[in-house]
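Asks:
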């Protein structure tokens, strides 16, 4: 391993284990339910609703630090690689797996980097809403996750419901405002019959999770 | 000169506090062994949380006055955060909420520097007038009054009220030559918390008549009266050690703390019932959130402070 890689890994460790953890512990405060359902080994997929840049950070701090270098948040290449500094931070510190949102050729598979990563035994963090969107509103899930489930039926897909992070740091804001946040982990989904029933099952799991908490209005 | 920043009376009272914890842990252990069919899990969790809370509290008290001030400021922060996380808030008010949080370091700075005039009007006057101004500048009028009202209520209870505990620490030694402000603080916090426990125990053992059924169905008249009695006895016993109170004053202080503590408890219960939740959070296993633990203190702190301030300072 070269020195650059070691430095990046060290920075990544400091970033997640020290900075993010401190912010999560003091500024935020988490209410985690069913933590034992989180994956302890790869390959696996963590699936969550997306409201904030903090979503990824919080999910990663919840997993064991031994897995740190195996966790790959799947993120839009056009957004995160748009400037050199942002790209360096996203790739080396946050550790994203960049994917494109637009096909260059009609038969290009945009999820190809995900296949490779899962085969390497990594844990993907996947946000099937596609983007952060309106804070604290669940958008319809896109079909990419079903494609992954179909191709890798043995890989557990753990749905996670996040609440509150979109209040702490919504899209387009730079100021952190403290709130307690909820993280409800659902039972992992295995096996795959067909796309339609898979998506229905997934949405049902998310709906069940949202029944577990009382979320005050945020208009 | 002792190595700690508190006098011997406070030190011995803290030792006594650990004695009570050891006793509670032993009784719980004994009950669990002799009555294996009953469920003491919740109580066990509660006692364990008490150990953590008492340890942090004593550490803060022993280290220095500033650490204690910081400790109570942090409690205000946690309480305000919990409150703002359970009530409805407006997206437009994100920045206003940020200003509200910022009131905490200021309020505790006024307390720490002993600037009584500023301490007593900062939140009720300046913050009260400033936050609606921010909201007007942002320009969202939907639910304006609800938002301004709930935010101010939160700041008054979680920051203004609780900061009175901290102000006890900066009161001049002359008002309480034996134990100083730290003695009064320990007296207030111990009696407020033990009053919660004794009301709970009396209610569990002898509770029959509901006292405020629509707000808190578990609260009984027997629990309330038992709590007032126990707390008043404690107040008399501890007053010689920690306070300048004479016998009749100690009785009044005991009745004041136990009654106000009860009111603070049911006030937070009313809010939780309004929102539709049982616990305000899950920070303290067995207890719930931080609001579930300091609810009584939001009433006892300012009332006990002014009672003492009027009589002795």
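Chains as they are written, first to last, in the numbering used here: chain A, 1 to 219; chain B, 220 to 532.
Using N, Cα and C, we set each Cβ at its ideal position, and we do this for glycine too.
(1) Can you tell me which residues form a DSSP beta bridge with residue 218 (chain A)?
(2) Counting only runs that start and end within the segment 371 to 458 of chain B, where is the alpha helix (DSSP H) found for 4 or more residues in a row?
(3) Between residue 29 (chain A) and chain B, is the shortest Cβ-Cβ distance under 8 Å, so that the two count as touching?
(4) Report the option in B:277, B:302, B:485 whose CA atom is closest to the CA atom of residue 501 (chain B).
(5) My understanding is that residue 123 (chain A) touches residue 71 (chain A), with C-beta atoms under 8 Å, so please give their C-beta distance in whole angstroms.
(6) Based on the DSSP secondary-structure assignment, which residues constitute the bridge partners of residue 240 (chain A)?
(7) Out of A:22, A:4, A:53, A:20, which one is the CA nearest neighbour of residue 162 (chain A)?
(8) For residue 47 (chain A), report the span of its beta strand (DSSP E) as first-last.
(9) Pick from B:463, B:523, B:509: whose alpha carbon is nearest that of residue 480 (chain B)?
(10) Flag this pair as touching only if the segment 270 to 278 of chain B and the segment 146 to 153 of chain A have three or more C-beta atom pairs under 8 Å; answer yes or no.
(11) What residues in the segment 494 to 505 of chain B bring their beta carbon closer than 8 Å to a beta carbon of chain A?
(12) Any beta carbon of chain A sitting closer than 8 Å to that of residue 261 (chain B)?
(13) Check whether the Cβ atoms of residue 322 (chain B) and residue 378 (chain B) sit closer than 8 Å, and answer yes or no.
(14) Check whether the segment 461 to 479 of chain B and the segment 390 to 408 of chain B touch, using three or more Cβ-Cβ pairs below 8 Å as the test.
(15) I need the DSSP call for residue 256 (chain B), collapsed to helix, strand or coil.
(16) In this structure, how does DSSP classify residue 163 (chain A) when only helix, strand and coil are distinguished?
(17) Name the residues in the segment 325 to 339 of chain B whose C-beta lies less than 8 Å from a C-beta of chain A; which are they?
(18) Assess, as a yes-or-no matter, whether the segment 385 to 398 of chain B is touched by the segment 434 to 454 of chain B under the definition of 3 or more beta carbon pairs within less than 8 Å.
(19) Below 8 Å between beta carbons: does that hold for residue 499 (chain B) and residue 507 (chain B)?
(20) Less than 6 Å between C-beta atoms, sequence neighbours within five positions excluded: which residues of the same chain meet that for residue 184 (chain A)?
(21) Please list, in chain order, all residues of the same chain as residue 11 (chain A) whose beta carbon is under 8 Å from its beta carbon, the five residues on each side excluded.
(22) Quick one: what does DSSP say residue 498 (chain B) is sitting in, helix, strand or coil?
(23) Determine, using beta carbons only, whether residue 189 (chain A) and residue 125 (chain A) come nearer to each other than 8 Å.
Replies: Straight from the coordinates:
(1) Along the first chain, read from residue 1 onward, the residue named residue 218 (chain A) stands at position 218. For residue 218 (chain A), which the question treats as bridged, DSSP gives the partners B:308.
(2) 381 to 387, 399 to 425
(3) Here residue 29 (chain A) refers to the residue found at position 29 when the first chain is read from its first residue. It does: the Cβ of residue 29 (chain A) has a partner Cβ on chain B nearer than 8 Å.
(4) Counting from one through the second chain, the residue named residue 501 (chain B) turns up at place 282. Looking at the Cα atoms, B:302 is the closest of the given residues.
(5) Here residue 123 (chain A) refers to the residue found at position 123 when the first chain is read from its first residue. Here residue 71 (chain A) refers to the residue found at position 71 when the first chain is read from its first residue. With 8 Å as the limit, residue 123 (chain A) and residue 71 (chain A) qualify as a contact, their Cβ atoms being about 5 Å apart.
(6) There is simply no residue 240 (chain A) to check, as chain A begins at 1 and stops at 219 in what is shown.
(7) Counting from 1 along the first chain, the entry for residue 162 (chain A) is found at position 162. Of the listed residues, the one whose Cα sits closest to residue 162 (chain A) is A:53.
(8) Taking the first residue of the first chain as position 1, residue 47 (chain A) is located at position 47. Where residue 47 (chain A) is concerned, the enclosing beta strand (DSSP E) stretches over 44 to 48.
(9) Sequence index remark: in the second chain, residue 480 (chain B) carries index 261 (1-based). The option with the nearest alpha carbon to residue 480 (chain B) is B:523.
(10) no
(11) 494, 495, 496, 500, 501, 502
(12) In the second chain, the residue the question calls residue 261 (chain B) occupies position 42. Residue 261 (chain B) does not count as touching chain A.
(13) Counting from 1 along the second chain, the entry for residue 322 (chain B) is found at position 103. Counting from 1 along the second chain, the entry for residue 378 (chain B) is found at position 159. Their beta carbons are under 8 Å apart, which means residue 322 (chain B) touches residue 378 (chain B) by this criterion.
(14) yes
(15) Here residue 256 (chain B) is taken as the residue at index 37 of the second chain, counted from 1. Three-state result, residue 256 (chain B): coil.
(16) By one-based count along the first chain, residue 163 (chain A) stands at place 163. Note: residue 163 (chain A) maps to strand in three-state DSSP.
(17) none
(18) no
(19) Taking the first residue of the second chain as 1, we reach residue 499 (chain B) at position 280. Taking the first residue of the second chain as 1, we reach residue 507 (chain B) at position 288. Yes, the Cβ-Cβ distance between residue 499 (chain B) and residue 507 (chain B) is below 8 Å.
(20) Within the first chain, the letter at position 184 stands for residue 184 (chain A). Once the five neighbours on either side are set aside, the close Cβ partners of residue 184 (chain A) are 33, 161, 209, 212.
(21) Your numbering for residue 11 (chain A) matches position 11 in the first chain. 92, 93, listed in sequence order.
(22) Position 279 of the second chain, counted from the first residue, corresponds to residue 498 (chain B). In this structure, residue 498 (chain B) counts as coil in the three-state DSSP scheme.
(23) Within the first chain, numbered from 1, the residue matching residue 189 (chain A) stands at position 189. Within the first chain, numbered from 1, the residue matching residue 125 (chain A) stands at position 125. Cβ distance not < 8 Å, so residue 189 (chain A) and residue 125 (chain A) don't count as in contact.
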